[in-house]
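To start, the structure itself, in structure tokens.
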Amino acid sequence: MSMPSVRRVAQAFASALLAATTVTALAHDAAAADTLGSAAAGKGRYFGAAVAANHLGESAYTATLDREFNQVTPENEMKWDALEGTRNTFTFGAADQIVSHAQSRGMKVRGHTLVWHSQLPSWVSGLSATELRSAMNNHITQVMQHYKGKIHSWDVVNEAFQDGSSGARRSSPFQDKLGSGFMEEAFRTARAADPNAKLCYNDYNTDGVNAKSNAVYAMVKDFKSRGVPIDCVGFQSHFNPASPVPSDYQANLQRFADLGVDVQITELDIEGSGSAQATNYGNVVKACLAVSRCTGITVWGITDKYSWRSSGTPLLFDSNYAKKPAYDAVLAALGGSGNDGGGDDGGGGNPGATCTVAFTRTADWNDGYNGEVTVKAGSAPITGWTVTLTFTPPQKVATLWNGTPSWDSSGSVMTVRPASYNGSLAAGASTSFGFTAMKNGSNTTPTVGTCTAS
Ligand code: G3I
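Numbers 8 to 461, taken from our numbering, label the letters of the sequence shown in order.
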């Protein structure tokens, strides 16, 4: 067939698809905001989760992560003991695994954490002041340079203030041997190591106005007045009945923002259940949205099953990955639709579920092409699937059929889940979805990520 006739056939094919009843008209910013990440993106924020590398092989865990979140924080893998257990010998494997998983799906990464008194190898606390300064600066520099360009925000210093009314610095090898100036030095070293990463101070029990948050506030104000590089303050926001969401939560976020830093909710979890937990979660999200410099929210884990305080069931998904009322409250507060297209409802819990994916470019013309993606269940039946395609800008998807798409904030990473009728597949069975992409000058075929099943 000559080129012009190929083009005519392809265009006719695309036109027929546009007319077909199964075609979903797409505008990236109007795509159904039916996940936490896409709803948050609609508000100009990220919505993330702390992630553990050793759970990434669990299909329900990864399917939930990939479907719902557009930011990750390694829960333990970037801490000093994980990265530099032996002086100047760096072990990046587990952290790299999380970063590459996130990158391949267009998720932002928060780096947690460079200088912290906890999860610190014993060799650090044995050093002299001179050696400790050198080790601290080397750790910051080596780690940040390894991840240069890949980390959205770094918790440069974590939990350096005491609880209670003193407003004093917490005793630590850094504080005790280097004095309070260790924080300024850490931030200056961090800026030099990766000038494009946002540099945060991160702490807990600083969520309302109190002596501890006042001390952090004074430090940030001092840093800003003297030009010490600091871009953001993280509010961990670990809440339970003994430590509830403070009534001045939003006001506290706002007063820090007014100092000229971004604020981020970095480790959110709220113990409880049902509507009480849901109300608290909704209020935290609303507070962030009311503060223009509150740039994102990270929950400290995906499922209650793996929470650091699992018995308090503090997260948005229960231990079977079912959405809790708290999930619905967060999605509603973010302005999401709650319509997940009728596919996987998060009830996962199907550990044998696997799928594979194959991509074919089925038609091509000057300024567009059609792609077909076939999803095949593995040796067990599945009830949902997720496939991510990464497009080369400025390509744009114009239409998609037989699937439900959502987009990352860049508009280049498309996550597709089932339409209402093709999420459940018998063992070994297949379904396909298709799309029309406009080339806009780029002819590159999209990168197709692995298929995750539930
Ligand atoms: O991986 C080992 C495992 O091999 C061993 O068998 C087991 C036995 O105890 O320990 C496992 O390591 C545990 C690690 O979590 C991974 O699960 C450590 O003992 C445990 O101490 C560690 O807890 C972490 C805690 O930080 C340490 O301080 C939590 O997962 C993590 O959620 C928590 O996160 C902190 C933030 O970094 C800072 N803010 C508070 C937050 C909650 O405590």
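The beta carbon of each residue, even a glycine, is placed where N, CA and C say it ideally should be.
For residue i, the three-state DSSP class (helix, strand or coil)
i    : result
I277 : strand
A444 : strand
T399 : coil
H119 : strand
N287 : helix
R316 : coil
A460 : strand
L322 : coil
A384 : strand
K219 : helix
S437 : strand
R52  : coil
M10  : Confidence is the limiting factor: at M10 the pLDDT is only 44, short of 50, which leaves the residue's position unreliable and the question unanswerable from this model.
T361 : coil
V252 : coil
L341 : coil
R176 : strand
T69  : helix
Residue i beta carbon near the ligand G3I (any heavy atom closer than 7 Å)
i    : result
H119 : yes
W372 : no
W468 : Absent from the model: residue 468. The displayed extent of the chain is 8 to 461, so no value can be given.
W315 : yes
N165 : yes
Q243 : yes
E274 : yes
Y470 : This structure cannot speak to residue 470, because the chain is shown only from 8 to 461.
Q126 : yes
W392 : no
N83  : yes
W414 : no
W87  : no
W307 : yes
Residues bridged to residue i (per DSSP)
i    : result
N209 : N165, G241
A57  : T80
C295 : Bridge partners of C295: none, in fact.
A231 : The sequence given here places Lys at residue 231; Ala does not occur at that position. According to DSSP, which records beta bridges pairwise, K231 is partnered with nothing at all.
I272 : F242, I304
F366 : V380
W392 : A460
L432 : I389
V455 : L396
R112 : DSSP lists no partner for R112.
D371 : Y376
K330 : F324
Endpoints, the alpha helix (DSSP H) within which residue i is located
i    : result
E65  : Premise fails: E65 is in no alpha helix (DSSP H) and is neither H nor E.
H153 : 136 to 153
D484 : Lying outside 8 to 461, the shown extent of the chain, residue 484 is not represented and no answer is given.
H159 : Unbroken run through H159: none, as it is neither H nor E.
Q126 : Note, Q126: premise wrong, no alpha helix (DSSP H); not H, not E.
T310 : Taken as a continuous stretch (DSSP letters only), T310 belongs to no alpha helix (DSSP H), as it is neither H nor E.
Buried/exposed call for residue i, threshold 16 Cβ in 10 Å
i    : result
S141 : exposed
G133 : exposed
S449 : exposed
W130 : exposed
Q284 : buried
A34  : Note that A34 has pLDDT 38, beneath the 50 cutoff, so the model's placement of it is unreliable and the number below is only indicative. By the 10 Å Cβ count, A34 comes out exposed.
K155 : exposed
T302 : buried
Q4   : Because the chain in this structure spans residues 8 to 461, residue 4 falls outside the shown range and cannot be described.
A193 : buried
A37  : Low confidence applies here, because A37 scores a pLDDT of 40, under 50, leaving its location unreliable and the question unanswered by this model.
S299 : exposed
For residue i, the first and last residue of its enclosing beta strand (DSSP E)
i    : result
I304 : 301 to 306
W414 : 411 to 414
M420 : Residue identity check: residue 420 is Val in the sequence provided, not Met. Its beta strand (DSSP E) spans residues 420 to 424.
E91  : First-last for E91: undefined, no H or E at that position.
N247 : N247 -> no beta strand (DSSP E), and no H or E assigned at all.
Within-8 Å CB hit, residue i to chain D
i   : result
S66 : No chain D is present in this structure, which holds just one protein chain.
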